[in-house]
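The sequence shown begins at -7 in my numbering and counts up by one.
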Amino acid sequence: MKYLNCALLILAAVVFAAGAACAFPIGSSVENPKKGILVVAFGSSMPEGEASIEAVADAVRKAYPDVETRVSYTSRIIMRKIARENGKIVDEPAVALAKMAYEGFTDVAVLSTHIIPGEEYDDLKAVVDGFKAMSANAPKAGFRFIELSSPLLSGAADFERLAGVLADTYSEQTKKGAFVFVGHGTHHFANAAYGTLQFALWEKSPNFYVGTIEGLPSYDDVASRLKTAKVKNVWIAPAMLVAGDHAHNDIAGEEPDSWKSMLEAQGYKVTPVLEGLGQNAAVRTLILDKLREAWGGFKP
Ligand code: CO
């Protein structure tokens, strides 16, 4: 029994030593951890859209001044476009995380800037889960800690909080007419978030409306509600992180099929608000709360 105990102790010591030797890549250790944050966005090729993403990244840098913060895009089309046109290289999450692992980062929080847990978020989660598996099975290829934040609208309380922030931001407009938020929309089940946001906003003012470009509620849904609301003025703003291509074209464009044009054809005075959610400081605070949750006990 004495020998068995001794053997177990030696085994434990060897396992511990091996773990300590392998768990951390070159240049970092438990005593010398290297912490990083990866801000992940769909991406935008428009300067206004990029500014919205950078505003979020800057807020993160301000909140975590000692942690290196990098930005990653998920849209390869956008990454290729900005590389071609501006020579700007942005990595997709898998590449950005592989580089961080190679550079010796030990603890990484991945900040999702997605509004809903849809397909884009699922894909990002799969990448982070892949790194989690690597971290567990091949520590040299992974991290000591890696966690992904949840999207802006992922729990019941999130809707109330976002609705509160939006109602505060646009309370003046709702006194004079209707304020329509246009989300991206998706075939994914998470599209239900837009309907939930609509109810949360109606708790603040009956003059808030939520529609989507690719899902439900649709333009027709919003238009028929506006008809019964008997308003003259309509403001329209993207319920998206950035006021990029969708906001400038599908929502506020001059083409006859934009939301602005279609609403004007119905006789409304339409004022587009070309501000992405990332440009709203109060919304950035909500996004930062998600990052804080992701760090959990590892909060740097
Ligand atoms: Co789109």
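From the three backbone atoms N, C-alpha and C, an ideal C-beta is built for every residue, glycine too.
Identified DSSP bridge partners for residue i
i: tyrosine 65; result: Ala33
i: glycine 245; result: Partner(s): none; glycine 245 has no beta bridge.
i: leucine 139; result: Per the sequence shown, the amino acid found at residue 139 is glutamate instead of leucine. Its beta-bridge partners are Ala101.
i: isoleucine 81; result: Isoleucine 81 pairs with nothing; no bridge assigned.
i: isoleucine 228; result: Val172 and Pro264
i: glycine 28; result: Glu60 and Val100
Own chain partners of residue i with C-beta closer than 6 Å, once the 5 adjacent residues on each side are dropped
i: glutamate 110; result: Reading off the sequence shown, one finds glycine at residue 110, where the question assumed glutamate. Around glycine 110: Thr178, His180 and Ala182.
i: serine 163; result: none
i: histidine 106; result: Glu112, Tyr113 and Pro143
i: lysine 26; result: Ser20, Gly96, Phe97 and Thr98
i: glutamate 40; result: Ala235
i: threonine 166; result: Ser197 and Asn199
i: alanine 192; result: Phe151, Glu152 and Ala155
i: alanine 286; result: Ala101, Glu139 and Ser141
i: glutamate 258; result: For clarity, residue 258 is glutamine in the given sequence; the question names glutamate instead. Contacts found: none.
i: methionine 38; result: Gly236
i: arginine 53; result: Thr61
i: tyrosine 260; result: Val226
i: alanine 5; result: For alanine 5, the predicted structure reports a pLDDT of 42, less than 50, and the residue's modelled location is therefore unreliable. A value from the coordinates is still provided. Here the set comprises nothing.
i: phenylalanine 290; result: Asp99 and Phe137
i: alanine 90; result: none
Chain-order list of residues whose beta-carbon lies under 7 Å from that of residue i (same chain, five-residue window excluded)
i: arginine 217; result: Tyr201
i: threonine 188; result: Phe151
i: tryptophan 194; result: Phe200
i: leucine 0; result: Confidence is the limiting factor: at leucine 0 the pLDDT is only 41, short of 50, which leaves the residue's position unreliable, though a coordinate-based value still follows. Once the five neighbours on either side are set aside, leucine 0 has no close Cβ partner at all.
i: aspartate 58; result: Pro292
i: glutamate 256; result: Val262
i: histidine 176; result: Thr204, Ile205, Glu206, Met232 and His238
i: alanine 93; result: Pro17, Ala133, Gly134 and Phe135
i: alanine 15; result: Unreliable positioning characterises alanine 15 in this predicted model, as indicated by a pLDDT of 42, which lies under 50. A coordinate reading is not provided.
i: alanine 88; result: Leu30, Arg62 and Ser64
i: alanine 55; result: Leu280
i: alanine 51; result: Arg276 and Leu280
Close Cβ partners of residue i (< 8 Å) along its chain, the five nearest in sequence each way excluded
i: threonine 161; result: Asn272 and Ala274
i: proline 85; result: Leu30, Val32, Ser64, Thr66, Val102, Leu116, Val119 and Val120
i: glycine 122; result: Ala86
i: alanine 159; result: Thr166, Leu193, Lys196, Ser197 and Phe200
Task: Stretch pair the segment 231 to 244 + the segment 53 to 69: three plus CB contacts closer than 8 Å - done: Note that the segment 231 to 244 does not touch the segment 53 to 69; fewer than 3 beta-carbon pairs, one per stretch, sit closer than 8 Å.
Open item on the list: Pairs of beta-carbons, one from the segment 134 to 151 and one from the segment 95 to 105, closer than 8 Å: are there three or more?
Closed with: yes
- [ ] Please list, following the chain, all residues that have a C-beta closer than 6 Å to any non-hydrogen atom of the ligand CO.
- [x] His176 and His238
Open item on the list: Please give me, in chain order, every unbroken run of the alpha helix (DSSP H) with length at least 4 that falls completely inside the segment 154 to 208.
Closed with: Taking 4 residues as the shortest admissible run, the segment 154 to 208 contains the following complete alpha helix (DSSP H) segments, listed from N- to C-terminal end: 163 to 168 and 184 to 194.
Open item on the list: With a threshold of 8 Å, are at least 3 pairs of Cβ atoms found where one atom belongs to the segment 264 to 276 and the other to the segment 243 to 256?
Closed with: Judged by Cβ distances under 8 Å, the segment 264 to 276 makes contact with the segment 243 to 256, as three or more pairs qualify.
Open item on the list: So, does the segment 108 to 123 touch the segment 148 to 156, judging by three or more C-beta pairs under 8 Å?
Closed with: Contact between the segment 108 to 123 and the segment 148 to 156 is absent, because fewer than three Cβ pairs lie under 8 Å.
TODO: Evaluate contact between the segment 72 to 83 and the segment 267 to 282, counting only Cβ atoms and requiring at least three cross-stretch pairs below 8 Å.
DONE: As far as the Cβ criterion goes, the segment 72 to 83 does not touch the segment 267 to 282, which means the pair count is below three.
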